[in-house]
Amino acid sequence: MAELSEQIRDWIAAPRFWHLATVNQDGSPQVSPMWIDVEGDHIVFNTAVGRVKEENLRREPRVSFSCLDNENPYDRVVIHGRVVEFVEGDEADRCMDRLAKKYVGTDRFEWRIPGERRVKVLVEPTRSSHVVGVEPFRRGHRP
0 MAELSEQIRD WIAAPRFWHL ATVNQDGSPQ VSPMWIDVEG DHIVFNTAVG RVKEENLRRE
60 PRVSFSCLDN ENPYDRVVIH GRVVEFVEGD EADRCMDRLA KKYVGTDRFE WRIPGERRVK
120 VLVEPTRSSH VVGVEPFRRG HRP
């Protein structure tokens, strides 16, 4: 597991929208804007059973998150990781309510669909980077 720097933790603590990339069954990418947070050393987000991202992650647990600063789109964070746990039931509902409080200021997530089952997803970060400006070449990959 890669540790998240304080700077990246600060990005996650703010109500910024992140893009979550998963892998579809045919190998193509699937991207969703997400609310995220940190629990201990894990990134946490929430979805519903039956969503494409949930099905993708149960089959292929690798994920990437990206976020950019709205004031400076050349200031950005990328996090790669792996889903390590899915949690359903009351804990997943409470997680969704905490995210709603953070992002929209309501005590409850108000867009629940009747009958949906929420899923709290925990991600172990494997690497992360904060880049401002042009991303440097990877070691050994200079033109």
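Take numbering that gives the first Met the number 0: the final residue in the sequence shown is number 142, and no numbers are missing along the way.
Think of the CB as a built atom: it goes at the ideal place given N, C-alpha and C, for glycine as much as any other residue.
1. What is the C-beta distance between R81 and R58, in whole angstroms, given that I count them as a contact (C-beta under 8 angstroms)?
2. Give me the DSSP bridge partner(s) of T21.
3. Report the rounded CA-to-CA distance for I11 versus D36, giving the unit in angstroms.
4. Considering Cα atoms alone, identify which of H41, A20 and M33 is closest to S4.
5. Helix, strand or coil for R57, going by three-state DSSP, please let me know.
6. Can you tell me where the alpha helix (DSSP H) holding V103 begins and where it ends?
7. Can you tell me whether I11 is helix, strand or coil according to DSSP?
On the basis of the supplied data:
1. 13 angstroms between Cβ atoms; not a contact.
2. Q29
3. 6 angstroms
4. H41
5. helix
6. D89 to V103
7. helix
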